[in-house]
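Participant: Sharing a structure here in structure tokens format.
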Amino acid sequence: GAGVSQSPSNKVTEKGKDVELRCDPISGHTALYWYRQRLGQGLEFLIYFQGNSAPDKSGLPSDRFSAERTGESVSTLTIQRTQQEDSAVYLCASSTFDRRGYEQYFGPGTRLTVT
Amino acid sequence: AQSVTQLGSHVSVSEGALVLLRCNYSSSVPPYLFWYVQYPNQGLQLLLKYTSAATLVKGINGFEAEFKKSETSFHLTKPSAHMSDAAEYFCAVSDGGSNYKLTFGKGTLLTVNP
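Line by line, the protein sequences give chains S and C.
Counting from 1, one number per residue, gives the positions in the first sequence under my numbering.
Counting from 1, one number per residue, gives the positions in the second sequence under my numbering.
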């Protein structure tokens, strides 16, 4: 079946502009995650959505970052007034709600370059 | 807080040789542990996971990992490397208080030489 999809695959933007990144999770997956992967680094957790529960935003690095999710469907990560340090690959993942250990399925990512 | 240390940012092996990628973790609660692989320009793919069942976990593509609580380790091995194994490998541990949040290591780039 279809996996997690993300768009755009690449985004180049000027410093100070706003960007929106989109994630389509696997159908039926109630949980959705955003991560950031900087060059040469591991993945940093940004935000987690589970059903209708309040999202866990503890990983968002600043108030310029926000994310929304419509029900158990599409999510959008928005970065306002982008800075050069925001350049990274932004990965989205989804999973079922499995207390034995959440097996997360990742999308291909959006590579963001801030010039 | 959870943390993961992957020893060696780059490992190079010959085709047919043993692959050993090291991962050590810290956790105040029994962890769930994961290995993911990332091929160039692709998303992460789960190789295997440990969720408090058998300590020796077998994954896809002939990889396996052993959970050693006394050593706080979860090293990834494969008896015989194949050219197609060349990729970046990430070890991750779940947040004990809320199992969904993964903390990743910085990754190990595996190169396989012919």
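Glycine included, every Cβ here is placed at the ideal spot set by N, Cα and C.
I think A92 of chain C touches F34 of chain C, with their Cβ atoms under 8 Å apart; what is that distance to the nearest whole Å?
Facilitator: 4 Å
Participant: Is A31 of chain S buried or exposed, if buried means 16 or more other CB atoms sit within 10 Å of its CB?
Facilitator: buried
Participant: Mind listing which residues of the stretch 29-59 of chain C have their C-beta closer than 7 Å to chain S's C-betas, in chain order?
Facilitator: Y32, Q42, G43, L44, L46, K49, T51
Participant: Mind checking the stretch 65-76 of chain S against chain C and listing, in chain order, the residues whose C-beta falls within less than 7 Å of any C-beta there?
Facilitator: Contact residues of the stretch 65-76 of chain S toward chain C are absent (C-beta to C-beta distance below 7 Å).
Participant: Does any CB atom of chain S fall closer than 7 Å to the CB of Y100 of chain C?
Facilitator: yes
Participant: Going straight from the alpha carbon of K15 of chain S to that of Q38 of chain C, what length do you get?
Facilitator: K15 of chain S and Q38 of chain C: Cα-Cα distance of roughly 29 Å.
Participant: Report the start-end ranges of each beta strand (DSSP E) in the stretch 23-105 of chain S that is 3 residues or longer and not cut off at the edges.
Facilitator: 31-37, 43-50, 65-69, 75-79, 88-95
Participant: Give me the Cα-Cα distance between T55 of chain C and Q80 of chain S, rounded to the nearest whole angstrom.
Facilitator: 45 Å
Participant: My parser needs the alpha helix (DSSP H) runs of 4 or more residues fully inside the stretch 72-113 of chain C; what are they?
Facilitator: none
Participant: Counting only beta-carbon separations shorter than 7 Å, does E85 of chain S have a partner in chain C?
Facilitator: no
Participant: Kindly give me the distance between the Cβ atoms of V4 of chain S and G71 of chain S, rounded to whole angstroms, as I take these residues to be in contact under 8 Å.
Facilitator: Wrong, their Cβ atoms sit about 16 Å apart, outside the cutoff.
Participant: Could you confirm whether any beta carbon from chain S is found closer than 7 Å to the beta carbon of K106 of chain C?
Facilitator: So yes, K106 of chain C belongs to the interface.
Participant: Roughly how many angstroms separate the alpha carbons of P30 of chain C and N41 of chain C, rounded to a whole number?
Facilitator: Per the coordinates, the alpha-carbon of P30 of chain C lies some 33 Å from the alpha-carbon of N41 of chain C.
Participant: Does L46 of chain S have its Cβ less than 7 Å from a Cβ in chain C?
Facilitator: no
Participant: For the putative contact between Y32 of chain C and K49 of chain C, defined by C-beta atoms under 8 Å, what is the C-beta separation to the nearest angstrom?
Facilitator: 7 Å
Participant: Could you give the first and the last residue of the continuous beta strand (DSSP E) run that contains T10 of chain S?
Facilitator: According to the sequence displayed, residue 10 of chain S carries Asn and not Thr. Segment 10-13, the beta strand (DSSP E) holding N10 of chain S.
Participant: Return the bridge partner residues of A65 of chain C from the DSSP annotation.
Facilitator: C:V57, C:L76
Participant: Going along the chain, which residues of its own chain have a beta-carbon closer than 6 Å to the beta-carbon of L21 of chain S, five neighbours each way excluded?
Facilitator: L77, Y90, T110
Participant: Closer than 8 Å by beta-carbon distance: list the chain C residues that pair up with L91 of chain S, in chain order.
Facilitator: G43, L44
Participant: Would you please verify whether the beta carbon of F106 of chain S is less than 7 Å from any beta carbon of chain C?
Facilitator: yes
Participant: Can you tell me which of the three DSSP states S70 of chain C falls into?
Facilitator: helix
Participant: Could you compute how far the alpha carbon of S73 of chain S sits from the alpha carbon of E15 of chain C?
Facilitator: 43 Å
Participant: Please tell me whether G105 of chain C and G42 of chain S are closer than 7 Å, where the distance is taken between their beta carbons.
Facilitator: yes
Participant: How is L21 of chain S classed by DSSP in three states: helix, strand or coil?
Facilitator: strand
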